[in-house]
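Everything in the sequence shown is counted per the numbering used here, starting at 489 for the first residue and increasing by one.
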Amino acid sequence: MISQADAEFGKLRSYFWPIHRHELRMFVPMLIMLFFVCFNYSILRSMKDSIIITAPGGAEVLPFIKLWVILPAAILSTLLFAKLSNLYSQEKVFYIVISTFVVGYLLFAFILYPMRGVLHPTELAAELQTILPKGFNGLIAMFCNWTFTGFYVLCELWSTMVLSVLFWGFANEVTKITVARRFYSVFAIFSNISAIIAGQTANFLSTQGVYNERLPFGSDSYEQTMMTMVLVISSTSIIVMLVFRWLNKNVLTDASFDEFHKTKLELKKKGRLSMKESFSYLSNSRYLICIAVLVVGYNLTINLAEVLWKDRLRAFFTKADDVNMFLNNLTSMMGVVSTCVAIFMARIIANFGWTKTAMITPVIMCITASGFFLFMIFEEALAPYVISALGMSSLAITVYFGAAQNCLSKAMKYSVFDATKEIAFIPLDHESKLKGKAAIDGVGSRLGKSGGSLLYQGLILSFGSIIASAPYVGMIIMGAIGGWMVAVGALGKRFTDKVKKQAEDLVAADAVTPPAEPVKTSV
């Protein structure tokens, strides 16, 4: 049976480039923006992890950061975004938010990080460690290494505020549901290709543990690498803003795009919702609640598994340069897997529908997480067989097995989960997309991560270490994935109803529109 995409574009093109020529003026700039936003995120993700897990406190500091710093920062940034959205046009908010991130990264790389020896109260940290129980070491490290904590939070918020809220919020506004499957399938492919390129670019520009005297900045090899990466991120962020400016000036000129250009006075006349009203609206919308459960479920699951894996990663690697290169290579591999899946996304959604496609991610995460935690729990029993078969230590196998689990889980997230989640926003009205999305992506994602962090803190204080809590973490993950699957089923029914209703309304509107008068011609 020949699909509509095959009939329009041909079989090969329907997979890789199902875009009409008249759509390129809108589509290509959006693709460039997404590519560089994801490129930056991939580099930032490796940098923040390499700094934190090799610093005093190691991976045990992550649950404390995610609960006590990232969650309040996510709430504050969401409130600020809502405030900015009420004061300025969406276009201006876009420039303000990205510029703020760029300034923050430059400040950390060129001022705060070089002065870390002076700014970090290491003597106070040592004194607190002698006073407080061992389970508080992560909390102590979070406060004493406060510049690292701030940078980690700023990197985390890039994915929320820039990628999820700014770009996808914009894409959902200007993309119609009839073309979203085609557009978003290509977006998924190129966003994953950007991860491949980012990982290898970061390794290529890295000093690889050797101090480069030709560079005019940095006092050690990792500091030089980080400064170089921040300069690259700043440059690509400027490109994103320039492309967005061109798009607004030359393409988004129709009256239907007035929301992007309205002034403060015009926005007030629209009577936009306050942030409190936004969360109230979210709580009263079962549709948005289902989306929120998806986001919380994913972030809770990946956070619980990832912290345990990063604890093993810290035990395996000791240098920040080595961790950074390992994570960059993992990012590239993740991009390869994601790209392969994303190529078939348009066909998968067309053949199986939204619900079955959205169910792929929790199923994959359930399978990979089960394997990872079973290996962790029975690591000592399996160690002799692993060493004799592969000639590697049990710690090395744990690290690489965890890396495979992390790679597959995030690959599904970037290729399937993000695309289906963003498509679910499209049938909503403008206000629901803007404020509801900001609340879900800005706070909902952090609630998942912070919930996992709170659980970890209780487990660390109870059992003394992350590794000792592995069996209990595994059981929590299985429960979270079960709730996630239930939410997918409920949302799928509501999504189908909304799309069907929109189609019926469109047909009804066409039916009542009077036909155009025939053009008179002279004989």
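Every residue gets a Cβ at the ideal spot worked out from N, C-alpha and C, and that includes glycine.
- In this structure, DSSP gives THR806 a state outside helix and strand, which the three-state scheme calls coil.
- Residues LEU522 of the same chain have their beta carbon placed closer than 6 angstroms to that of PHE675, with the five preceding and five following residues left out of the count.
- For GLY638, the enclosing alpha helix (DSSP H) stretches over residues 634 to 645.
- When the beta-carbon positions are compared, GLU794 and ASN894 come within less than 8 angstroms of each other.
- In the three-state DSSP reduction, MET853 falls in the helix class (H, G or I).
- Put simply, the backbone Cα of ARG982 is about 13 angstroms away from that of VAL974.
- At a Cβ-Cβ threshold of 8 angstroms, ALA899 and SER820 do not count as neighbours.
- Judged by DSSP secondary structure, TRP734 falls within the alpha helix (DSSP H) whose first and last residues are 709 to 738.
- LEU796 is classed as buried because its beta carbon has at least 16 other beta carbons within 10 Å across all chains shown.
- Nearest Cα to ASN736 within the set TYR775, ILE507, LEU979, PHE515: PHE515.
- No residue range can be given for ARG702, since it is assigned to no alpha helix (DSSP H) and is classified by DSSP as neither H nor E.
- The Cβ-Cβ distance between GLY823 and ILE684 falls below 8 angstroms.
- DSSP places ASP917 outside both helix and strand once states are collapsed to three, so it counts as coil.
- The C-beta separation of VAL525 from LEU642 comes to about 15 angstroms, leaving the pair out of contact by the 8 angstroms criterion.
- Counting C-beta pairs closer than 8 angstroms gives fewer than three between the region 658 to 678 and the region 775 to 793, which falls short of the contact rule.
- Taken in chain order, the whole alpha helix (DSSP H) runs of length 4 or more contained in the region 573 to 656 are 578 to 595, 604 to 607, 610 to 619, 625 to 632, 634 to 645.
- Under the three-state reduction of DSSP output, GLY879 falls in the coil class, being neither helix nor strand.
- Secondary structure at LYS664: coil, using DSSP grouped into helix, strand and coil.
- Between MET714 and TYR583, the gap from beta carbon to beta carbon reaches 8 angstroms or more.
- Apart from sequence neighbours up to five positions away, the residues of its chain that approach LEU572 with a beta-carbon distance below 7 angstroms are VAL581, ILE584, ordered along the chain.
- In this structure, MET864 lies near ALA958, with their beta-carbon atoms less than 8 angstroms apart.
- If the five residues before and after CYS854 are omitted, its C-beta is found closer than 6 angstroms to the C-beta atoms of ILE969, all from its own chain and listed in chain order.
- Between PRO506 and ARG774, the C-beta spacing is not below 8 angstroms.
- Between ARG800 and THR886, the C-beta gap is smaller than 8 angstroms, which places the two residues in contact.
- Here the alpha carbon of LYS807 sits roughly 38 angstroms from the alpha carbon of SER673.
- Taking a C-beta distance under 8 angstroms as the contact criterion, TYR902 and SER679 qualify as a contact pair.
- Measuring C-alpha to C-alpha distances from GLY657 to each of VAL829, PHE913, GLY952 identifies PHE913 as the nearest.
- For the pair ILE836 and LEU730, the Cα-to-Cα distance works out to about 34 angstroms.
- Three or more Cβ pairs closer than 8 angstroms define a contact, and the region 630 to 642 meets that threshold against the region 534 to 547.
- Between VAL557 and THR637, the CB-CB gap stays under 8 angstroms.
- Ranked by Cα distance from ASN817, the first of ARG533, ILE520, ALA547, SER502 is ARG533.
- For the pair SER938 and ALA996, the Cα-to-Cα distance works out to about 46 angstroms.
- For the set LYS909, GLY940, TRP972, LEU922, the Cα lying nearest the Cα of ASN574 is the one of LEU922.
- When rounded, the separation of the alpha-carbon atoms in LEU947 and PHE552 is 12 angstroms.
- Under the 10 Å beta carbon count, HIS510 is surrounded by fewer than 16 other beta carbons and is classified as exposed.
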